[in-house]
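So the structure is just underneath, and the comments pick up after that.
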Amino acid sequence: MLPDLIHTPRLSLRPPKTGDAEIALKRWAGDPEVAKYTSWMPHTEAATIQVFLDGLAKERKEGSCYAYMICRRGETEPIGMIEANPEQGFKAMLGYVLMRSEWGKGYMTEALTKITDLLFEVPTMRRVFAFCDVENPASAAVMRKAGMTDEGILRKYFIHPNLGQEPRDVLMLAKIR
Ligand SMILES: CC(C)(COP(=O)(O)OP(=O)(O)OC[C@H]1O[C@@H](n2cnc3c(N)ncnc32)[C@H](O)[C@@H]1OP(=O)(O)O)[C@@H](O)C(=O)NCCC(=O)NCCS
């Protein structure tokens, strides 16, 4: 559904490879501030990240998840990740994360816009969507800048474990065709 290599003006997106786990741990996966509104707790060991990355390779083969390491053009070490999870041939959910020192430079808008465009090159694609915690305005802003529109608040929808075990309200945004 999506190619292995994707380029934007400033970024190259590629599948995870050996050695990425250590860099991910150092750059974002161990950072509590990055993890705050995600589905995972900050990592402490590269080995557990490697298990996650290995699982993604399997999911790519199956076509259930297309995960990319985000690199600045000309660099090989990633600064974040983005993934697209196609469902039922007509919709796809996106997720993304970026190391803290790179926030606010427009990188995720660039990556999200490109992935969304490529997904809509699939003739059957009708809906590209993502959701974020109601208290994560940067994420909602990125989605809007990538062309998604607000669909509303899903109440008590998702547990963000870094904020506690109580399910939280999220904002749902989507671009449709
Ligand atoms: C969310 C995240 C991916 C954004 O990536 P990014 O590359 O910094 O995003 P961009 O620079 O493309 O755009 C960020 C936008 O959010 C806006 N923004 C940032 N903080 C904000 C805040 N507190 N309130 C409102 N808007 C905010 C910025 O102003 C910018 O919009 P602008 O260009 O119109 O000014 C990054 O902050 C991140 O990785 N956060 C931690 C992981 C995470 O939350 N992932 C999403 C889970 S749903």
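Throughout the sequence shown, residue numbering follows our numbering, covering 74 to 250 in sequence.
C-beta: ideal position from N, C-alpha, C; glycine also.
As the structure is a computational prediction, the values presented were derived from the model and not from experiment.
Asked, Found
"Counted within 10 angstroms of its Cβ, other Cβ atoms place residue 204 as buried (16 or more) or exposed", "buried"
"Every unbroken beta strand (DSSP E) within the region 150 to 235, with a cutoff of 3 residues, ordered by chain", "153 to 160, 164 to 171, 200 to 206, 222 to 231"
"Where residue 133 falls, given that 16 or more other Cβ within 10 Å makes a residue buried", "buried"
"Under the three-state DSSP convention, the category residue 133 falls into", "helix"
"Cut-off 6 Å between Cβ atoms - residues of its own chain near residue 159, not counting five sequence neighbours on either side", "74, 165"
"Three-way DSSP call (helix, strand, coil) for residue 100 in this model", "helix"
"Residue 172 to residue 225 span [Cα, whole Å]", "28 Å"
"For residue 115, the first and last residue of its enclosing alpha helix (DSSP H)", "No alpha helix (DSSP H) holds residue 115; DSSP gives it neither H nor E."
"Closer than 6 Å: residue 182 CB and nearest ligand 1 heavy atom", "yes"
"Nearest residue (CA-CA) to residue 223, options 177, 233, 248, 237", "248"
"Residue 210 CB to nearest heavy atom of ligand 1 below 6 Å", "yes"
"Bridge partners - residue 110, DSSP secondary structure assignment", "BP columns for residue 110 are empty, so no partner."
"Cβ pair count under 8 Å reaching 3, the region 179 to 195 against the region 146 to 160", "yes"
"Distance CB(residue 99)-CB(residue 235) smaller than 7 Å", "no"
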